[in-house]
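The block underneath contains the structure these notes are about, expressed in structure tokens.
Protein chains: 2
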Amino acid sequence: MPEQINPNAVRVLSYGMYVVSSKLGEKLNGQIANTVFQTTADPQQLSVCINHQNLTWEYIDKSGYFGVSVLGQDATMEFIGLFGFKSGRNVDKLSRVKYKIGAAGLPLVLDHALSVLEAKVVGSLDMGTHTLFVGQVVAAEVLKTGRPMTYDFYHRELKGKAPKTAPTYVADSSKEIKM
Amino acid sequence: MPEQINPNAVRVLSYGMYVVSSKLGEKLNGQIANTVFQTTADPQQLSVCINHQNLTWEYIDKSGYFGVSVLGQDATMEFIGLFGFKSGRNVDKLSRVKYKIGAAGLPLVLDHALSVLEAKVVGSLDMGTHTLFVGQVVAAEVLKTGRPMTYDFYHRELKGKAPKTAPTYVADSSKEIKM
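For the protein sequence lines, the chains are A and B, in the order given. Numbers in the working numbering are just positions in the first sequence, counted from 1, shifted up by 14. Numbers in the working numbering are just positions in the second sequence, counted from 1, shifted up by 14.
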């Protein structure tokens with residue numbers, strides 16, 4: 015079978031922008047993710063894809079829980095930079111933002127969040143560089159109304175880029191790159 | 015742990031709109047899906063979540079391949095209705111639209127498509143009502159430029175709803191429902 019892959023074909027897939035959080039013992043962390051999806055409605059399950067290199071991956075893998083903050087369009091580049099381009103191994107990210115401990119015990123970032131969810135991992139799939147975690151929602155709260163930030167909005171309006179550990183990362187060889 | 019789940023919390027998650035297609039022998043079919051996402055970049059892998067009741071699920075499960083057409087904002091309610099609210103068990107959907115057979119042998123719907131991709135299933139996860147299929151991209155083509163249709167655009171602009179077999183289906187008890 016001939017491989018005929020135009021790498022631009024996937025650039026029109028749509029995503030939101032989220033902070034995925036977790037904890038291990040007393041240690042808290044969170045990171046930007048675009049691949050958060052509801053994958054079943056009954057029960058309500060979420061999927062999220064996290065790079066093996068990320069500290070949040072280790073916390074989710076070991077603790078079996080993750081939190082999600084759905085970001086609104088008011089999220090700033092500074093905020094996204096903190097959670098998307100810095101590692102929790104070097105920076106205590108949560109200390110720099112407003113967060114709370116949710117009903118299931120997870121840290122939930124409140125800044126710029128429209129809603130927050132907590133999920134218990136019920137399945138996972140190793141995808142090579144990333145793990146896809148499936149979590150059953152155990153708590154979910156709406157914080158405010160507003161337009162969610164999409165990955166397209168992030169690139170188009172904030173001129174943002176993808177970190178190397180993103181599922182959608184493409185080497186930045188062009189100024190027109192859109193990940 | 016107390017379960018405190020506000021069902022509206024997931025309604026601000028973002029998705030695109032896609033036709034996921036497959037074939038079994040000479041039989042071709044496709045359906046609307048919103049849960050298509052890129053889950054790794056190297057190799058390029060896509061995930062898609064399909065309801066067990068759908069004919070496309072059977073074709074993907076048995077054939078090990080699926081195609082994706084990324085829909086633009088010009089997709090009509092009539093088109094979405096054909097692929098989203100009718101079953102291939104009753105209607106030969108592909109006969110009613112423009113499609114082609116791609117490099118990997120999959121039927122690819124061309125109407126309203128910005129790009130088309132073909133993927134070989136390399137993993138799957140049973141999620142109860144749905145299966146999450148992971149496919150390695152084996153062919154991908156850009157057809158035209160344009161703004162992708164998002165699930166939000168579909169609800170907001172086209173006033174569309176979700177079929178009962180969608181991962182994001184919620185019983186329509188309110189006129190303000192947004193799935």
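The beta-carbon is built from N, C-alpha and C at its ideal position, and this holds for glycine as well.
To the nearest angstrom, report how far apart residue i and residue j are at their CA atoms.
i: PHE147(B); j: CYS63(B); result: 6 Å
i: LYS173(A); j: TYR29(A); result: 16 Å
i: HIS194(A); j: THR53(B); result: Because chain A in this structure spans residues 15 to 193, residue 194(A) falls outside the shown range and cannot be described.
i: TRP71(A); j: THR49(A); result: 14 Å
i: VAL152(A); j: MET141(A); result: 25 Å
i: GLU190(B); j: ASN22(B); result: The predicted model places GLU190(B) with a pLDDT of 29, which falls under 50 and marks its position as unreliable; any figure quoted below should be read in that light. Rounded to whole angstroms, GLU190(B) to ASN22(B) spans 11 Å at the Cα level.
i: ASN20(B); j: ILE115(B); result: 44 Å
i: ARG170(B); j: LEU69(A); result: 37 Å
i: PHE51(B); j: TYR165(A); result: 12 Å
i: VAL33(B); j: MET31(A); result: 23 Å
i: THR90(A); j: THR90(B); result: 34 Å
i: PRO16(B); j: SER61(A); result: Its pLDDT being 45, under 50, PRO16(B) is placed unreliably by the model, and the measurement read from it follows with that caveat. Using only the alpha carbons, I get a separation of about 22 Å.
i: VAL136(B); j: ILE74(B); result: 12 Å
i: ASN65(A); j: PHE167(A); result: 23 Å
i: HIS126(B); j: ARG110(A); result: 45 Å
i: ASP88(A); j: ASP88(B); result: 28 Å
Hey, out of the options, whose CA is closest to residue i's CA?
i: LYS100(B); options: VAL26(B), TYR29(B) and ILE46(B); result: ILE46(B)
i: ALA117(B); options: LEU108(B), LEU128(B) and GLU132(B); result: GLU132(B)
i: GLU92(B); options: PRO121(B), LEU128(B) and LYS175(B); result: LYS175(B)
i: LYS134(B); options: VAL24(B), LYS37(B) and HIS169(B); result: LYS37(B)
i: PRO177(B); options: ARG170(B), ILE74(B) and ILE94(B); result: ILE94(B)
i: TYR79(B); options: PHE167(B), TYR168(B) and GLN150(B); result: GLN150(B)
To the nearest whole angstrom, what separates the beta carbons of residue i and residue j, a pair I think is in contact under 8 Å?
i: THR179(B); j: GLN67(B); result: 5 Å
i: PRO162(B); j: LEU128(B); result: 6 Å
i: GLN58(B); j: VAL24(A); result: 7 Å
i: SER77(A); j: VAL130(A); result: The pair is not a contact, with the Cβ atoms about 17 Å apart (cut-off 8 Å).
i: ALA55(B); j: THR182(A); result: 6 Å
Does the beta-carbon distance from residue i to residue j come in below 8 Å?
i: LEU124(A); j: LYS112(A); result: yes
i: LEU108(B); j: GLY81(B); result: no
i: GLY86(B); j: GLY160(B); result: yes
i: LEU157(A); j: SER35(A); result: no
Under 8 Å: do the segment 36-44 of chain A and the segment 90-107 of chain B share three or more Cβ pairs, one atom per stretch? Segments in contact, no.
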